[in-house]
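Working notes for the structure below.
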Amino acid sequence: MLSPENFFDLTEFAHSEVFANIPTVWKPLLSLNSYLKTWLFQNKLKQNGVSIAETARIYGHVFMGPGTVVEDGVCIVGPAIIGADCEIRQGAYIRGDCLMGDRCVLGHASELKNSIMLNDAKAPHFAYVGDSILGNNVNLGAGTKLSNLAVSSKKDVESGQRPTIKLQIEGQVVDTGLAKLGAIIGDHAQTGCNAVTNPGTIIGKNSLVYANTSVAKGLVPENSIVKLRQVTEIAKRT
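One gets our numbering by counting positions in the sequence shown from 1 and adding 54 to each.
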C-alpha cells in the first residue's frame, strides 16, 4: 500500500533506480544525498543546450539536461540533478540534495530542498517543497507549503536528535524514520492556492486539495478530494 509503485509510474523516470527495492515511498529521501553524489561522480557529462542567466548562481556539483532554462536571480546549491527542458524561474532556490526529472518547473520565489520531482511536476509560484516527493504531473497551486518539521519537534539534549515522524495508517503506527518529512504526492495530484500539508502527509494519485486547506499528516487515498468548508457573508457597507 505504501510502496512507490502505488504512487508513481516510474517507467519513464530516468532515475527510477532511486526507488528500487524500497518498501515505503518516503525511503528514497534517506538515501538521496548518496544517490546524487554517486551519479554525479559516475556521469561526468558535458552540459549542452542549457540556458543560464548571468545573475544566476550555482554552487557545488549540479547537472542540468538539454533545454533547461535557469532565469535571473536563481540560486542552485548542489548536489543536484535537473533533467531536460526544465524551467527554474526567477528567484527560485534549490537548496541542495534535489533530483528533478524532465520538464519540471520550479517557479518564482519557490524553494526546493532534499526533494524529488518526477517528470512534469510543477511548483510554479511561491512554493516551499522540503523533504518531499512530487509525482508525475503534480501541480502545486500558488503559495503551497509542504511543511516538513513538526512545531513540537525538539532536539534531545543528550543525542542532539529530533524525534522521527510517526503516522497513523489504517489503525497502525508507522515510523517513517525521518525527523523531517514534508509530503509525498502521487501522480496527477494537485493542490489549490495557499494549501498547506502538515509534516508526514501522504497523498494518493489523482487527488485534489482545495485552496487554503491545511491537510493533516497521514494517508489521503488516491482519487480523493480534500475539501475546506467555510461560510462567507456579504454585508451591506454603510
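Even glycine gets a Cβ: it sits at the ideal position worked out from N, Cα and C.
Tell me whether the beta-carbon of residue i lies closer than 7 Å to the beta-carbon of residue j.
| i | j | result |
| --- | --- | --- |
| Gly254 | Lys271 | yes |
| Cys129 | Arg111 | yes |
| Ala249 | Thr292 | no |
| Cys247 | Ala196 | yes |
| Thr286 | Val263 | no |
| Pro120 | Asn102 | yes |
| Leu200 | Ser186 | yes |
Please report the straight-line C-alpha distance between residue i and residue j, rounded to a whole angstrom.
| i | j | result |
| --- | --- | --- |
| Ile142 | Thr78 | 29 Å |
| Ile170 | Ile223 | 23 Å |
| Pro178 | Arg149 | 16 Å |
| Gly258 | Pro275 | 5 Å |
| Pro217 | Leu232 | 8 Å |
| Asn193 | Glu165 | 15 Å |
| Val159 | Leu94 | 21 Å |
| Leu221 | Ala289 | 43 Å |
| Asp107 | Ser70 | The question names Asp, but residue 107 in the sequence shown is Ala. Between Ala107 and Ser70, the C-alpha separation is close to 30 Å. |
Is it buried or exposed for residue i, if we count other Cβ within 10 angstroms and need 16 for buried?
| i | result |
| --- | --- |
| Met55 | exposed |
| Asn54 | The structure shown does not extend to residue 54, since the chain spans only 55 to 292, so no value can be given for it. |
| Leu92 | Before going on, a small fix: residue 92 reads as Thr here, not Leu. Looking at its Cβ environment, which holds fewer than 16 other Cβ atoms inside 10 Å, Thr92 is exposed. |
| Arg157 | buried |
| Tyr182 | buried |
| Ser60 | Note that residue 60 is Asn in the sequence shown here, rather than Ser. Asn60 comes out exposed. |
| Phe73 | buried |
| Gly236 | buried |
| Val227 | exposed |
| Lys167 | buried |
Measure the beta-carbon distance from residue i to residue j and round it to whole angstroms, keeping in mind my assumption that it falls under 8 Å.
| i | j | result |
| --- | --- | --- |
| Asn260 | His242 | 5 Å |
| Ala163 | Gly145 | 5 Å |
| Asn47 | Phe62 | As displayed, the chain neither begins before 55 nor continues past 292, which places residue 47 out of reach and without an answer. |
| Asn202 | Asp151 | Actually they are not in contact, since the Cβ atoms of Asn202 and Asp151 sit about 13 Å apart, beyond 8 Å. |
| Ile219 | Leu188 | So it is not a contact: roughly 18 Å between Cβ atoms. |
Per the DSSP calculation, residue i is bridged to which residue(s)?
| i | result |
| --- | --- |
| Leu221 | Val228 |
| Phe117 | Ile135 |
| Glu141 | Val123 and Val159 |
| His179 | His162 |
| Gln215 | Partner(s): none; Gln215 has no beta bridge. |
Heavy atom of the ligand FAD less than 6 Å from the Cβ of residue i, yes or no?
| i | result |
| --- | --- |
| Phe73 | The ligand FAD is absent from the structure shown, which contains no ligands of any kind. |
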